[in-house]
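For the sequence shown, this note's numbering begins at 1023 and goes up steadily by one. Here a beta-carbon is modelled for each residue, glycine too, at the ideal position from N, C-alpha and C. A short write-up of the structure that comes next.
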Amino acid sequence: MTDQQFENFISSSQIQAAPAPAPPLAISHVATPPSPVFLPRPSARPTRFATPKSIEAIIPAQSKAVPATTKQSTEWACRIWSQWSKSREDSNCKYPPPPHLCIDDSHLDGWLSKFILEARRQVGNEYPPNTLYNIACGIMRHVSNYAPHVNFFTQRQFDGFRKTLDSEMKRLSAAGVGVKKKKARPISLEDEDELWRQGLLGNQDAQTLIDTIILMCGLYFALRSGQEHRSLVIDQIQVVGCEHPYLVYTENVSKNHSGGLKHRKVQPKVVTHYSNKENPARCFVNLYKEYISHCPERTTKALYLTPLKVGKCTFWYSNVTIGHNILSKTVNRLCASASIKGFKTNHSLRVTTATRLFHSGIDEQLIMDRIGHLSLDGIRAYKRISEDGEKEISSILYKDSRKENNEDKENFETPCKRKKLSGDQPFTINLSNCTNKTINY
């Protein structure tokens, strides 16, 4: 076989072995790609920021920077100004616009002086000096909302107002207006014993137990009146220890610790109160634990719950919080029921704490820690002279001081007798009645 014949043979074999091409598929048989599967998006992750705020949400937040009592005082002062202006208008006299509209300083200074001289209570009598000063401060706070640069008490353009206010306060003080100030009196140990003796304090029923807890929280934690009691939550008081338990109270916010810019470096008050081993029936720790055991599963964090009007059972209280007004009248109600005389309010509990500690000779720094004041002047304002102290002062003043002075003079003039001895022998000097005297030898 020649080379040409061999090549022809191979070519014919490959052609016979090649498969026939497949016929084209119809459109209906063409394989379509699978449709995409849309999986649900994962839930959004929690963001570190709050929801975006509008301008309308900023204004209420800024208004909370001013304490509620300060707002009320400012509104009260502006209301007096408005009533005074209306009274001048009804009398066909020239009357002023609202104080923030008196843009001219000299104009405002004149109206303020007239206001100080003409302001009166609703019944027509004069305001006490300090009240008149507080009204002026309220007017200035209102004006400063519109003109922050204005200050009635420091700027020279208001010299006339300051002189008018100063002279009017001196005149009222000389006339005896507002000299007697009504202050909450402390609760003496005799008063407290009387409350226990009459069954107004104790654990015999739900109402008595909650009254006892309110009184003890105010006394031992040195709380202020109704608002601090109303803001008290159960998480602030912890029972620590098992064999020898004690209470730890941690302050959240108060008048001296609002948590704002001014108080950012002020540490919250922490009070540790131990059990009363001498009189377990009056032990605050035991009574507090008993109160908690009679409370239901809580749906509110408030400490004071409303008593149930049923007989004794496992739970004595509902999940309804005691209101502010009821709390603020607790001490006054208890003292009135026991016929205890004197002006007694919830603030008397804080006054009682300071007074008892002062009379016991406790260091003022320890009293500051318990009371929560930031200065010594603040806690000294809470000191009250007890009835026994006033009696002791009167008794001392009634004594015959002339007789005591004569005795001191005789003791001072009594010479010290010296026995003369010879040689180097020791000698003895009679030093009787010679205290705080100088001896020359």
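Cβ neighbours of Tyr-1313 in the same chain (closer than 6 Å, five flanking residues each side left out): In the same chain as Tyr-1313, and ignoring 5 residues on each side of it, the C-beta atoms closer than 6 Å to its own belong to Leu-1231, Ile-1235, in chain order.
Phe-1180 burial status per 10 Å Cβ neighbour count (16 or more: buried): Answer is buried; the Cβ neighbour count reaches 16.
Classification of Arg-1440 by the beta-carbon crowding that lies within 10 angstroms, buried from 16 upward: Residue placement at Arg-1440 is flagged as unreliable, the pLDDT there being 48, under the threshold of 50; the coordinate-derived value follows with that caveat. Taking all protein chains in view, the Cβ of Arg-1440 is surrounded by fewer than 16 other Cβ atoms within 10 Å, so the residue is classified as exposed.
Residue span of the alpha helix (DSSP H) that contains Ser-1085, given as start and end: Under the DSSP assignment, Ser-1085 falls in the alpha helix (DSSP H) whose first and last residues are 1077–1085.
Where Leu-1134 sits in the DSSP three-state scheme: Helix.
Assumed close pair Tyr-1268, Tyr-1296 - CB separation to whole angstroms, cut-off 8 Å: By a beta-carbon distance limit of 8 Å, Tyr-1268 contacts Tyr-1296. Their separation comes to about 5 Å.
Counted within 10 angstroms of its Cβ, other Cβ atoms place Tyr-1310 as buried (16 or more) or exposed: Buried, by the Cβ-count rule.
Cβ pair Arg-1252, Tyr-1326 closer than 9 Å: Between Arg-1252 and Tyr-1326, the CB-CB gap stays under 9 Å.
Short Cβ contact (9 Å threshold) for Ala-1324 with Ile-1259: Their beta carbons are not under 9 Å apart, which means Ala-1324 does not touch Ile-1259 by this criterion.
For Leu-1330, the nearest candidate out of Ala-1228, Thr-1096, Cys-1159 (CA to CA): Comparing alpha carbon positions, the residue from Ala-1228, Thr-1096, Cys-1159 closest to Leu-1330 is Ala-1228.
Inter-stretch contact (C-beta, 8 Å, three-pair minimum) for the segment 1362–1381 and the segment 1203–1221: Because the criterion of three Cβ pairs below 8 Å is met, the segment 1362–1381 and the segment 1203–1221 touch.
Of the residues Ile-1138, Ala-1090, Met-1390, the one placed nearest Phe-1183, counting alpha carbons only: If you compare the alpha carbons of Ile-1138, Ala-1090, Met-1390 with that of Phe-1183, the shortest gap goes to Ile-1138.
Leu-1217 to Thr-1322 span [Cα, whole Å]: Spanning the two alpha carbons is a distance of roughly 30 Å.
Beta-carbon gap between Thr-1375 and Leu-1237 smaller than 9 Å: Cβ atoms of Thr-1375 and Leu-1237: not closer than 9 Å.
Span separating the alpha-carbon of Gln-1220 from that of Leu-1349: The C-alpha of Gln-1220 lies about 21 Å from the C-alpha of Leu-1349.
Ser-1109 CB to nearest heavy atom of the ligand GDP below 8 Å: Among the components modelled here there is no ligand, and therefore nothing to report on the ligand GDP.
Cβ separation of Val-1270 and Thr-1294, assumed to be a contact under 8 Å, to the nearest whole Å: The beta carbons of Val-1270 and Thr-1294 sit about 5 Å from each other, so the pair counts as a contact at 8 Å.
Identified DSSP bridge partners for Ser-1260: Before going further, note that residue 1260 is Gln rather than Ser in the sequence given. In the DSSP assignment, the residues bridged to Gln-1260 are Val-1270.
Boundaries of the beta strand (DSSP E) in which Thr-1336 is found, first to last residue: It is not in any beta strand (DSSP E) - Thr-1336 carries neither H nor E in the DSSP assignment.
Beta-carbon proximity of His-1369 to Gln-1249, cut-off 9 Å: Taking 9 Å as the cut-off, the Cβ atoms of His-1369 and Gln-1249 do not count as close.
Strand pairing of His-1295, partner residues [DSSP]: Paired residue(s): Leu-1269.
Secondary structure of Ala-1324, DSSP reduced to three states: Under the three-state reduction of DSSP, Ala-1324 is assigned to strand.
First through last residue of the alpha helix (DSSP H) which encompasses Ile-1314: Note, Ile-1314: alpha helix (DSSP H), 1306–1315.
Inter-residue Cα distance where the pair is Leu-1047 and Arg-1070: Low local confidence applies: a pLDDT of 45 at Leu-1047 is under 50, so the model's placement there is unreliable, with the coordinate-based value given in what follows. The straight-line gap from Cα to Cα measures roughly 59 Å.
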